Amino acid sequence: MVSAAIGPDNCQAAPGAQRLGHEGWGGPAPWVQVSLLHSCPLGRQRTGGLGQGLFPTHPAMFEGYYPPVIVEMNASVEAIEGSHVSLLCGADSNPLPLLTWMRDGTVLREAVAESLFLDLEEVTPAEDGVYACLAENAYGQDNRTVGLSVMYAPRKPMVNGTMVAVEGETVSILCSTQSNPDPILTIFKEKQILATVIYESELQLELPAVTPEDDGEYWCVAENQYGQRATTFNLSVEFAPVILLESHCAAARDTVQCLCVVKSNPEPSVAFELPSRNVTVNETEREFVYSERSGLLLTSILTLRGQAQAPPRVICTAHNVYGTKSLELPFQGAHRLMWAKIGPVGAVVAFAILIAIVCYITQTRRKKNVTESPSFSAGDNPPVLFSSDFRISGAPEKYESERRLGSERRLLGLRGEPPELDLSYSHSDLGKRPTKDSYTLTEELAEYAEIRVK
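In the UniProt record's numbering, the protein residues as written are 1 to 454.
Okay, here's the thing in structure tokens:
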């Protein structure tokens, strides 16, 4: 009997056949048995006894060749910018495969081996993408891919759009950046949020009918969990001049200064006109005009010296490409202008005169009050002054009454020498008054005494 093994007929493997146990055979076999092996090897890890076959009475041994199968590969990988990344690809095949790492058709690394690492040092966003591993030998090939996502903070935002506009126009500004993941974008002006989007790489700001208040500095800020970046840009709004109400003139002694404050963009030309003298002074005449610009404000100061007489009318005119504006400057505080012309010495003299006038008016009113008092009016009865203290005795009482009368006159504000007084005292007759009882008399005596003035 002749026994033979023939390789599988359904795959590319071409095993060699070997006859076993034929040493004791004598002559030619009277018959031949042929067995067919129908299988395709799947690899040593799965088939266990690959390379062995059993025929009816005798086993047959053979060596198998098969194409590669990728059996080990990273899943999708996320890495922070600047970190180290290692990608692994492993394949099973016989013979050993040629392993190749590729990206966008470019070969990065290759070797004949069971496994191959691709090391990326300090990855950058430029290395973000899809990587492919290709395994091949003479009997076939296999390939698989893995995605690498590099996470990073936003790049400095870029701003595109109109940076100069005329008052009333519509302005559109686009702010964009790159980051992974997408950032939160916000546009600020003076800490006020004007527009914002979440997880977008672009933000557009629309400003319809811009005004001078829209002129200024803006911020575009991009941020995600890995960091924050910002950029600034300036929007310039151009408009005709506006003369502010704080513009005015003021005088000090013989000098007049006029202040003209103009808000304008672009910077205007400023001139001062004196119509009564048919004179126009512009900012180029440094002897008379000083100008200083701060932002959108231009401050011009006109100085006129030797103005002893009344100050002249002054008109401020501002002009730029968008228009002209004029304003007659008011003089602030006419009373202050008068004091400025009089000067310090004149002020002291005027103050002294004012005090004298006040004293004269006060004295006149006091005299008038004394003259018009009913107690001192001309008539049958002489004026009477009352005193709450009275003594019945001789000369001492007369002296005391004179002293008290002088005090009363001083209280009434009377000036000069006291008039001659004829004083009548009732002490000599008090004991002879018959109609009053002692109690009433004592009470009346305690209350007052009469002093008659002739």
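From the three backbone atoms N, C-alpha and C, an ideal C-beta is built for every residue, glycine too. Predicted model only: the values in this text are computed from it and were never measured.
- In the DSSP assignment, residue 137 forms a beta bridge with 140.
- Across the set 292, 295, 275, 294, the C-alpha of 275 shows the shortest separation from the C-alpha of residue 316.
- Separation of residue 92 and residue 70 (C-alpha to C-alpha, rounded to the nearest whole angstrom) is 6 Å.
- The beta carbons of residue 157 and residue 230 sit closer together than 8 Å.
- Under the three-state reduction of DSSP, residue 253 is assigned to coil, being neither helix nor strand.
- Residue environment analysis places residue 104 among the exposed positions, since fewer than 16 neighbouring C-beta atoms fall within 10 angstroms of its C-beta.
- Shown here, residue 275 sits in a helix according to DSSP, grouped into three states.
- Here residue 300 is not near residue 294, since their CB atoms are 8 Å or more apart.
- For residue 266, the CB contacts under 8 Å within the same chain, skipping 5 residues up- and downstream, are 238, 320, 321 in chain order.
- When DSSP reads this structure, residue 119 sits in a beta bridge with 86.
- Residue 314 and residue 161 have their C-alpha atoms spaced approximately 44 Å apart.
- In this structure the stretch 83 to 91 touches the stretch 114 to 130; the number of beta carbon pairs closer than 8 Å is three or more.
- The stretch 180 to 194 and the stretch 253 to 272 do not touch, with fewer than 3 CB-CB distances between them shorter than 8 Å.
- For residue 247, there is no enclosing beta strand (DSSP E), as DSSP marks it with neither H nor E.
- Short of 6 Å from the beta carbon of residue 305, and not among the five residues preceding or following it, lie these beta carbons of its own chain, in chain order: 255.
- Of the candidates 284, 241, 246, 252, the residue whose Cα lies closest to the Cα of residue 296 is 241.
- Counting along the chain, the unbroken beta strand (DSSP E) around residue 203 starts and ends at 202 to 207.
- For residue 212, the three-state secondary structure derived from DSSP is helix.
- DSSP lists 187 as the bridge partner or partners of residue 195.
- When DSSP states are grouped into helix, strand and coil, residue 127 belongs to the helix group.
- Residue 163 and residue 80 have their C-alpha atoms roughly 36 Å apart.
- Per DSSP, reduced to three states, the secondary structure at residue 351 is helical.
- Of the candidates 270, 278, 68, 277, the residue whose Cα lies closest to the Cα of residue 285 is 270.
- Counting along the chain, the unbroken beta strand (DSSP E) around residue 102 starts and ends at 98 to 103.
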